[in-house]
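Here's the structure, in structure tokens; my notes come after.
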Amino acid sequence: MTSRPDIVLLVLDTQRVDRLSCYGCSPETSPYIDALAADATIFRHAASPASWTVPAHASMFTGHYPSLHHTVQSYSVLPKTLPTLAERLRDSGYFTAAFCNNPLVGVVNNGLRRGFLSFLNYSGWLTSRPNQIGVGSSLIDRYRQWFKGLLTAIVCRIQDAFARSEFLLELSFSPLMVPFWQTALSFKGNTAKSLNDAALLLTQRRDVAEDQPIFSFINLMGTHMPYDPPRRFAAKFAPHVRDNKSAQRYLHHFNSDIVGWYMPLAKALDEEQKVTLDGMYNSEVAYQDELVGAFLEKLRASGRLDRTLLVVCADHGDHLGEKQFIGHSLSLYNELIHVPLLVRDPGGDFPRGTTVERFVSTRRVYHTLLEAAGLADESERKLTLAQSVASDADVGTAFSEGIPPQTIINVLRRREPQLLSERRIDQTRRQARGMLQHIPHRNGPAIGTTPFGVAIGEELVKPKTPGREQLHDDRRRRDDLGE
Ligand SMILES: [Zn+2]
């Protein structure tokens, strides 16, 4: 047995908190994650620092808010001055492995892969295959590996260019390109395979020393659009779609209309459209939940689960028509920012069956996992999720920062300039969430009175120019806010 635990960070990309039954969703969508929650500490009021993939992952990987790590666009690169979670764990002796289904994390050359000794992609033009399991040693095998490596390098450069170029991005939105995106690019990756590969590494530990702990980062895209769940799930959660031609037409159009995944809506969805989207989304939640359940069962059966610190969370949620938004990245509403967060801890810092009500930011996954590995310094220890309110350096407040993707804004400016200005979509903003007495700064009326939003202050902030000098600490940033 290792003296330090294995660590698994399971990010359910685009998982809305209100669609997990352990957070109150009815009908029951997530029996396996619910069972895990009953055996873990569940955070009721976790907030993502950002509303889309790149800045949200950069925050979990560095412990900083987006205005500090500056990785806020699809073309941003994480500053080398900020050590990542994987780098610190690797440097302390962990075997670091990623099983990633989101190309914005695994394919674009933005620094989020830093620190991983093994990084497997399941999305994109050319998925990578596990190199710890089953790579032969013959000349032919080695040639195949070399050739695949060469091809991967070329393809990664092309995909990287798509993320950075408005022209290529807009080209990729064209209806002609949609079938290509969805099939050749395996847009949502392969949830089952990535979980299976991660379980193999954690249970069989090939090429990993018996006493070497493993850090596994897993990103799943099962609940991201397009929606095409197995029939048995659609029959349960969206039964009307089977015999309803107009619902089928709407779903087909929705799945093919990639621009529509990002555009604000000019008018609200009608009832049938809303029920269809909700039902199909819930079907994907339930399907992914079943696959996560199988993954957990493999760890449990091998005895590894009780030697593993497991964190399950989302990078952000998704709009399914609420407030006339679809998708994510253009708002800071609770549909995007309020996220699930569970910690299952064999070490005892996170008691099983416990509920935490205070507001926390998912950036603190960074500090929590460093502490589990024995690497957190004194200031980092104050930000672990295990802290009580009294010793919590964030004093029960979580910030979310909205810096919309410039590539999307530019497309909107050309196609829907009126919607862009009416909805103030191109403006950078920051919100604080917490109990009223803890909100350090409120500018304007509180917005959002859903169960999550006890109090929300919002202000518009000026984008900052990235620079080393701006990487000041969080205390100073809160001072800037006028605490
Ligand atoms: Zn995401």
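The sequence shown runs 969 to 1451 under my numbering.
Yeah, the Cβ is synthetic: ideal placement off N, Cα and C, and Gly gets one too.
Identify the continuous beta strand (DSSP E) that holds residue i and give its terminal residues.
i: D1360; result: Here D1360 belongs to no beta strand (DSSP E), and DSSP marks it neither H nor E.
i: Q1399; result: R1397 to G1402
i: I940; result: The first residue shown for the chain is 969 and the last is 1451, placing residue 940 beyond what the model contains.
i: F1063; result: F1063 to C1068
i: I1376; result: Segment Q1374 to R1383 is the alpha helix (DSSP H) holding I1376; no beta strand (DSSP E) there.
i: H1013; result: T1009 to A1015
i: R1326; result: T1322 to S1329
i: D974; result: D974 to L980
i: T1049; result: It is not in any beta strand (DSSP E) - T1049 carries neither H nor E in the DSSP assignment.
Could you spell out the range, first to last residue, of the alpha helix (DSSP H) harbouring residue i?
i: A1167; result: T1159 to Q1172
i: N1223; result: K1213 to S1224
i: L914; result: With the chain running from 969 to 1451 in the structure shown, residue 914 is simply not present.
i: I1001; result: P999 to A1006
i: E1290; result: Segment: none, E1290 is in no alpha helix (DSSP H) and carries neither H nor E.
i: R1056; result: L1053 to D1059
i: F1205; result: R1199 to F1205
i: L1088; result: No alpha helix (DSSP H) holds L1088; the beta strand (DSSP E) holding it covers S1086 to N1089.
On the premise that residue j lies in contact with residue i, defined as a C-beta separation below 8 Å, what is that separation, rounded to the nearest angstrom?
i: A1341; j: L980; result: About 23 Å; that fails the 8 Å criterion.
i: S1091; j: G1074; result: 7 Å
i: F1183; j: T1064; result: 5 Å
i: R1320; j: D1007; result: 5 Å
i: V1279; j: L977; result: 5 Å
i: G1190; j: K1161; result: Contact flag wrong, Cβ pair sits at about 12 Å.
i: C1281; j: L1259; result: With 8 Å as the limit, C1281 and L1259 do not qualify as a contact, their Cβ atoms being about 17 Å apart.
i: R924; j: A1054; result: Any property of residue 924 remains undetermined from this structure, which presents the chain solely from 969 to 1451.
Going by the beta-carbon positions, is the gap between residue i and residue j smaller than 7 Å?
i: A1026; j: H1037; result: yes
i: L1387; j: R1272; result: no
i: S1368; j: A1015; result: yes
i: T1009; j: T1336; result: no
i: P1232; j: Q1292; result: yes
i: P1017; j: Y991; result: no
i: V985; j: V1328; result: no
i: E1325; j: L1338; result: no
i: G1295; j: Y1230; result: yes
i: T1375; j: S1035; result: no
i: E1240; j: A1215; result: yes
i: L1219; j: G1289; result: no
i: F1067; j: D1165; result: yes
i: S989; j: D1002; result: yes
i: M1028; j: V1333; result: yes
With a threshold of 6 Å (Cβ to nearest heavy atom), would residue i be considered close to ligand 1?
i: T1191; result: no
i: D981; result: yes
i: D1286; result: no
i: T1021; result: yes
i: D1452; result: Here the chain covers residues 969 to 1451 and nothing more, so residue 1452 does not appear.
Three-pair Cβ contact test at 8 Å for the segment 1296-1303 versus the segment 1367-1386: Using a Cβ-Cβ distance cut-off of 8 Å, the segment 1296-1303 and the segment 1367-1386 are in contact, since at least three pairs of beta carbons, one from each stretch, lie closer than that value.
Three or more C-beta pairs below 8 Å linking the segment 1192-1208 and the segment 1172-1180: no
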